Every structure is written in structure tokens, then in C-alpha cells.
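In my numbering, the protein residues as written are 13 to 160.
Next up, the structure:
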């Protein structure tokens, strides 16, 4: 199977569920778990968020959701291409988690860390922002394997 075929024959329901889960994780991540620390780094607080007119928040949420779907779609296509989502694979979750971790290190963690260092942005902010993508990739890997 070519990568193009793998990318078009993914389980779209699993991708949609993963995208929704990402949005829920993001809400919990930035409000409950790291809300105070994120506010210290960015100046964005719950109060400031509430001051934003709802129509100004729609576009960022839609873009975030679409980006989450694209991220999971890419992961799904890669997992399918390398055979992790094959029905006969006996250890797909472990392998899928390993692939997700490698993707995060190589394509999210390392390049964004370099950017944060050059921009002299706080490394704690990098950890909060990119940590969510690590968790999302790991959770999405599990969802993609379970709902294959």
C-alpha cells in the first residue's frame, strides 16, 4: 500500500473522535492543569478569556480543531502505512505509542524548542504548549489502534 492509499483509507471516525478528545484535553490542560502557569507566561487569564467576545474565539477554536484533525490524520496514515493498524498486529498499542513519541520528538518537540530558545521565550511555556501535543499524539495513537 502506498502512503497516499494509507492516508485515504484511514478510519475517519477514529480521527474525528481523536480531534474531539484533543479539544477536551486542551480545555483541561490550559484551564485546570496549567491554567495559572500559562497565565503567568502569557498574561492570558480566565478573566481575559471571558472578556473576549464569543465571535472572536470561534476562529481560533475552529483552526485548532482542524489542526488537531490534520495531526491525527497524519499519524493514522503513517501507522497504517507501517502496518501498526493491521488487524494481525499483536502489539499495536505499544508500537503506536512509540511512533507517536518519535513523531513528537522529531517534528514537534525539537523544532519548537529551537524556536523558543531563539525567541527567548520561557521553556516552561514550551513545556506546557508542546506537552499537550505529546499527550494528544499518545492518546490519538491509542484511539486509532482501538477503533481500527
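Here a beta-carbon is modelled for each residue, glycine too, at the ideal position from N, C-alpha and C. Remember, it's a predicted structure, so these values are computed and weren't measured experimentally.
Residues in its own chain within less than 7 Å of residue i by CB, not counting five upstream and five downstream?
| i | result |
| --- | --- |
| residue 84 | 27, 30, 31, 152 |
| residue 89 | 15, 18, 19, 22 |
| residue 82 | none |
To the nearest angstrom, how far is the alpha carbon of residue i from that of residue j?
| i | j | result |
| --- | --- | --- |
| residue 123 | residue 63 | 33 Å |
| residue 155 | residue 129 | 33 Å |
| residue 116 | residue 76 | 17 Å |
| residue 105 | residue 43 | 29 Å |
| residue 40 | residue 150 | 16 Å |
| residue 144 | residue 131 | 20 Å |
| residue 126 | residue 52 | 22 Å |
| residue 107 | residue 36 | 25 Å |
| residue 133 | residue 25 | 37 Å |
| residue 98 | residue 109 | 15 Å |
| residue 69 | residue 61 | 9 Å |
| residue 55 | residue 118 | 29 Å |
With a CB to CB cut of under 6 Å and the five nearest residues on each side skipped, what residues in its chain are close to residue i?
| i | result |
| --- | --- |
| residue 46 | 140 |
| residue 80 | 31, 34 |
| residue 50 | 42, 140 |
What does the Cβ neighbour count give for residue i, buried or exposed, with the cut at 16 atoms within 10 Å?
| i | result |
| --- | --- |
| residue 72 | exposed |
| residue 120 | buried |
| residue 148 | buried |
| residue 157 | buried |
With a CB to CB cut of under 8 Å and the five nearest residues on each side skipped, what residues in its chain are close to residue i?
| i | result |
| --- | --- |
| residue 111 | 87, 90, 91, 94, 96, 153 |
| residue 159 | 23, 25, 26, 29 |
Handout entry: Those runs of the alpha helix (DSSP H) which lie wholly inside the segment 32 to 68 and span at least 4 residues
Key = 47 to 54, 58 to 63
Exercise for the section: Mind listing, in chain order, the continuous alpha helix (DSSP H) runs of no fewer than 4 residues lying wholly within the segment 81 to 149? Expected result: 104 to 115, 122 to 131
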